[in-house]
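Under numbering that gives the first Met the number 0, the residue at position 91 of the sequence shown is numbered 90, and the numbers go up by one with no gaps.
By construction, the Cβ of each residue, glycine as well, lies at the ideal position given by its N, Cα and C atoms.
On a predicted model such as this, the values are computed, not experimentally measured, just so you know.
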Amino acid sequence: MNMTHDLSSTASHDERFRAFRTALEQRMHLHLGTPPGAPARLMAASGDAIMASGKRMRPFLLHLAGQGACDMALLDAGCALEMVHTASLILDDLPCMDDASLRRGKPATHVAWGEATAILGAVGLLNQAYAIIGTLQADDAQRVALVNALSRAVGWTGLVAGQEYDVNGFAAGDGAAGGALRRIDRVNRMKTGVLLVAAMEMGAVLGSRDAECRRHLRRFAEDLGQAFQIADDLGDVIKTREEFGKDVGKDAGKETFVAALGPERALHRCLDLLLRAQHALDAAKVDPAPYQWMIGQVFDRDLLAARVAAPREERVAY
Ligand code: GRG
């Protein structure tokens, strides 16, 4: 099989990531290759949504956490995770959710293909993710652990819950006491952090990492997820639609760290979380270099540069 995405080679991080991305997208094409009897239009819409210019951060994290495991199993698990992520983006953009029209620099799926096809495409991708896990090259116990990790991330205390709170807020009985910062932290963990945690857990399962290492990788993903959501919320306020590749100003009136703390303090919180994420990598005793490289790619360069300028005393306690 093609080993060009092996991160133990001497290629630069950039070259290694590009090789990984090509291998992942080729594999994705294979999974989406119209199965006999599948509606061509539905498959085209699903293909459009997933093959658009996503950053592929989640599959790459999974790949890093799973170093040493079977390459094909890591690619398949990465495809499954990216399918779930793409399904969540399609649903998030719908008029009844965030009502956004631009995603990954292109018309959102419901704009290009209609709402019905967008919903069906998302459900199809979600379903196919589990089908892929059911047949990937791993032992039975690993496949069960992968299903558990993914379903925990998607389900009633994960993506679905985070989105319900994000769209409709907390209801009586949701235990929303504790103030705005705790509520925001909780929603961010559920709508964004869970898929990063799933990436690390799925990789760790396939790479047979020990319990201690998994615990630290999980902490890394939790902090990275919180930091990533703050950076995304800052983008919503600071960037143009073209720079962002998706609609901006969608968070107006929502509870976010940027709204609650103001951009400056939210940024400091984001940078502190990234620092904490790095400490978790150290504790996990993994090579931090490819993770740091990835953070440098997915976080805005100007935002990361502010690390130097951020006065320590202004940083928030959390
Ligand atoms: C049943 C799968 C499923 C979901 C239902 C709609 C929903 C619940 C959840 C939406 C959660 C959501 C969209 C959270 C935002 C997370 C976020 C910041 C996404 C952007 O991720 P990037 O920047 O996107 O990695 P790319 O396009 O690069 O992949």
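Residues bridged to residue i [DSSP beta-bridge criterion]
i    : result
K105 : R102
Selected residue, minimal CA-CA separation from residue i, among the options
i    : options                : result
L205 : S11, L73, G104, S45    : L73
V166 : D98, P262, S45         : D98
D91  : K284, A220, A117       : A117
E221 : D232, L60, G36         : L60
A304 : A230, H278, D139       : A230
L273 : A76, Q291, A210        : Q291
A263 : I237, Q277, E242       : Looking at the sequence provided, one finds Glu at residue 263 rather than Ala. Out of I237, Q277, E242, I237 has the C-alpha closest to the C-alpha of E263.
L101 : A282, M293, L260, G244 : G244
E241 : G104, S87, A76, G120   : G104
F16  : H62, L302, R142        : H62
M199 : A51, I49, G65, M50     : G65
A121 : A48, T21, K284         : A48
G168 : D139, V110, A51, T255  : T255
P106 : D173, T156, L88        : L88
G123 : W155, G46, D138        : G46
D295 : G172, K284, L270, T108 : Per the sequence shown, residue 295 should be read as Gly rather than Asp. Cα-wise, what sits closest to G295 is L270.
A282 : E211, K190, F227, V143 : E211
W112 : M293, A44, S52         : A44
R26  : S52, A10, M71          : M71
Q277 : D301, R188, R214, R218 : R218
R188 : M82, M50, A265, Q228   : Q228
A226 : G174, H215, R268, G261 : R268
Spatial distance of residue i from residue j (CA atoms)
i    : j    : result
R181 : R275 : 18 Å
L69  : Q136 : It should be pointed out that residue 69 corresponds to Cys in this sequence rather than to Leu. Each residue's Cα considered, the two are about 8 Å apart.
V153 : H28  : 23 Å
L31  : L41  : 11 Å
G67  : A179 : 42 Å
D232 : V257 : 7 Å
E14  : P58  : 16 Å
F19  : D184 : 32 Å
P38  : A115 : 13 Å
L145 : L125 : 14 Å
E24  : A176 : 43 Å
A76  : V196 : 14 Å
V285 : G192 : 20 Å
Q141 : W155 : 23 Å
G157 : A148 : 11 Å
T108 : A86  : 10 Å
A259 : H12  : 36 Å
H84  : A203 : 19 Å
P289 : C95  : 38 Å
S207 : G252 : 44 Å
R300 : L266 : 13 Å
D209 : S52  : 34 Å
D213 : M201 : Strictly speaking, residue 213 in this sequence is Arg, with Asp absent from that position. C-alpha separation (whole angstroms): 10 Å.
M82  : M50  : 10 Å
A10  : M293 : 15 Å
L302 : P35  : 47 Å
D173 : S150 : 21 Å
S7   : V143 : Caution is warranted here: a pLDDT of 47 is assigned to S7, below 50, making its placement in the model unreliable, and the coordinate value is therefore given only provisionally. So the alpha carbons of these two residues sit roughly 28 Å apart.
G261 : T134 : 47 Å
Residues near residue i by beta carbon distance below 6 Å, same chain, minus five either side
i    : result
A79  : A128, I131, I132
V297 : K54, M56
P287 : L280
H4   : Residue confidence for H4 is low, a pLDDT of 44 falling below 50, so the modelled location carries little weight; the figure read from the coordinates is stated next. Cβ neighbours of H4 beyond the five flanking positions: A18, F19, A22.
V110 : S100
L93  : H109
G224 : T191, G192, L195
Same chain, Cβ closer than 7 Å to residue i, neighbours up to 5 away in sequence not counted
i    : result
D235 : V247, G248, K249, D250
V186 : G161, Y164, D165
A171 : none
Residue i beta carbon near the ligand NAP (any heavy atom closer than 6 Å)
i    : result
T191 : The ligand NAP is not part of the structure shown, which contains the ligand GRG as its ligands.
Cut-off 8 Å between Cβ atoms - residues of its own chain near residue i, not counting five sequence neighbours on either side
i    : result
T239 : V247
V159 : V153
Uninterrupted alpha helix (DSSP H) stretches inside the stretch 250 to 302 (no shorter than 4 residues): 256 to 260, 262 to 283, 288 to 297
Quick check on the DSSP output: what are the complete alpha helix (DSSP H) runs of length 4 or more inside the stretch 19 to 76, in order along the chain? 39 to 50, 56 to 64
What are the complete alpha helix (DSSP H) segments, minimum 4 residues, inside the stretch 103 to 138? 108 to 112, 114 to 134
Could you tell me which whole alpha helix (DSSP H) segments of length 4 or greater appear in the stretch 226 to 252? 240 to 243
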